[in-house]
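Counting in our numbering, the sequence shown runs from 2 upward without gaps. The beta-carbon is built from N, C-alpha and C at its ideal position, and this holds for glycine as well. Being a predicted model, the structure only gives us computed values, none of them experimental. Take a look at the structure below.
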Amino acid sequence: MPAFDPLELNYSKIKAYLNCPFLYRYAYVEGKYAPHNPQSSLGVSVHRAIEEYSKRGGDLNDLFVYYETGWLNQGYPSPRESMEFYRKGSEILENYWLGEQGRDSEIILVERDFEFSFEKWKVKGTMDRVDRLKDGSHELIDYKMGFEDRNDHDISGSLQLGIYAIGLKRAFNIEVKKLTYWLLLKSEKISCLYNPGNEEKIFSVLRDTGEKILREDYSKKGNCSACQIKKRCPDKTAS
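Encoded structure:
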């Protein structure tokens, strides 16, 4: 894996640090990662299929071929459970395909990396998708499996989409009008208008988190019972 760079930030790193600085150290400083579970493996498989379909096009059968080719068979306790999740993914992709048939926007970016400088840091990320709408404005879309409930507040205050919107503007000179979470399990979209007025709050989070990382403040905190590395954590509260 690439050498650890404390001056490189992205949403996943910031989220990990805010959840638990020890988790951040474990994953990004020590270069260790939690193994896949059924939910994460299905998420990777579905995202791969949608990415290929968005880039290459085709019909529903082509989408299923992309799914089969990109299937990640890791973290399933048994072949039976693997097949159950595989069928669930097929249903998700069929509903996604049906929803795309009535689309009146133009996909202009798919799985596109961005990078911009902020003070002493480099901020990086990868956007799932950007559409050009009929009125010429732009919609930033992030696919979520939807295992966790989300609401309008989640998207209007989304640090992730806020960072991505700034990255889209700085790296591609594209202003975002609309932010969308596409909840794949529910075939549901949650959207809101982008508010550039939130950018200073986002920069403040980047700055505060980045400074703590530079100070190597990796004290443990967070919801240990729900942590993805609780079985590997030396903290007794995470046992």
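Residue burial classification, residue i (beta-carbon count within 10 angstroms, cutoff 16)
i, result
"Pro22", "buried"
"Arg130", "buried"
"Met84", "exposed"
"Thr70", "exposed"
"Leu169", "buried"
"Leu94", "buried"
"Leu134", "exposed"
"Val124", "buried"
Identity of the residues DSSP links to residue i by a beta bridge
i, result
"His48", "DSSP, once it has assigned bridges, lists no residue as partnering His48."
"Glu116", "Lys125"
"Arg133", "Glu107, His139"
"Asn11", "Lys125"
"Thr210", "Answer is none; Thr210 lacks a bridge partner."
"Lys222", "Per DSSP, none; premise fails for Lys222."
"Leu180", "Leu141, Cys193"
Same chain, Cβ closer than 7 Å to residue i, five either side skipped, listed in chain order
i, result
"Lys187", "Gly147"
"Gly100", "Ser188"
"Gly44", "Met146"
"Tyr195", "Ala166, Val177, Lys178, Lys179, Leu180"
Span of the alpha helix (DSSP H), counted from its first residue to its last, around residue i
i, result
"Leu169", "160-173"
"Tyr25", "22-25"
Residues near residue i in its chain [Cβ-Cβ closer than 8 Å; skip 5 each side]
i, result
"Tyr12", "Gly126, Leu160, Gln161, Ile164, Tyr165"
"Arg57", "Asp63, Tyr67"
For residue i, the first and last residue of its enclosing beta strand (DSSP E)
i, result
"Lys190", "189-194"
"Tyr144", "139-145"
Contacting residues, own chain, Cβ-Cβ under 6 Å from residue i (five flanking each side not counted)
i, result
"Glu53", "Tyr67"
"Ile15", "Thr210"
"Leu184", "Lys145, Gly147"
Cβ-heavy atom distance, residue i to the ligand PLP, below 7 Å
i, result
"Tyr67", "This structure simply doesn't include the ligand PLP, nor any ligand for that matter."
Margin query: Quick check for students: name the residue ranges of the beta strand (DSSP E) that lie wholly in the stretch 53-123, counting only runs of 3 or more.
Written below: 107-119
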